[in-house]
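Report on the structure given below.
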Amino acid sequence: MYKEGWRTYYVYILTNRNKTVLYTGVTNSLQNRLRQHQNDISLNKKTFVSRYKCHHLVYYEEFTWIQEAIAREKEIKGWLRIKKLNLIKTKNPNLDFLEDSFL
Numbered sequence: 001m002y003k004e005g006w007r008t009y010y011v012y013i014l015t016n017r018n019k020t021v022l023y024t025g026v027t028n029s030l031q032n033r034l035r036q037h038q039n040d041i042s043l044n045k046k047t048f049v050s051r052y053k054c055h056h057l058v059y060y061e062e063f064t065w066i067q068e069a070i071a072r073e074k075e076i077k078g079w080l081r082i083k084k085l086n087l088i089k090t091k092n093p094n095l096d097f098l099e100d101s102f103l
C-alpha cells in the first residue's frame, strides 16, 4: 500500500498446508509477493517456498521504514520455531490462513 509520502513495508510469515514449515520474508507489496511465491510453486522453482509449498500467510507486520522491516525480518529469522509460533499466535491464535485478504 502506498500512502502519500509513505510506503508500507511488510515482514511476513508463511507456512505450508500442514503448518509444519515457517518462512519469513520482507516486501513492499505483500499482494505481489504472495503471487510470486504461488507462481514459484507452480513453476517448481528451486526456492525454499517452492520446495516446501509455503504460500499460506499466517502473520505480518507493517513498517514505514525499510530498514526497520529488514531488521525485524532478521530478528525473527534468528528465532527458534516455538518463539515464531508464539509471535504468530499473538495476532492469529488459530494459525488461520490470511492470504485471501491480500489476493
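Terminal number for the sequence shown in the UniProt record's numbering: 103, no gaps in between. Quick reminder that beta carbons are idealized off the backbone N, C-alpha and C, glycines included.
- Counting along the chain, PHE48 sits inside the alpha helix (DSSP H) bounded by residues 48 to 52.
- By the beta-carbon neighbour count (other beta carbons within 10 angstroms, threshold 16), LEU43 is exposed.
- When the Cα atoms are used, ILE70 and LEU30 turn out to be separated by approximately 14 Å.
- In the DSSP assignment, GLY25 is bridged to TYR12.
- Per the coordinates, the alpha-carbon of LEU34 lies some 8 Å from the alpha-carbon of GLU99.
- Put simply, the region 43 to 54 does not touch the region 80 to 87. Fewer than three CB pairs are less than 8 Å apart.
- ILE88 counts as buried, since at least 16 other C-beta atoms from the protein chains shown sit within 10 angstroms of its C-beta.
- A direct Cα-Cα distance of roughly 11 Å separates ASN39 from LYS53.
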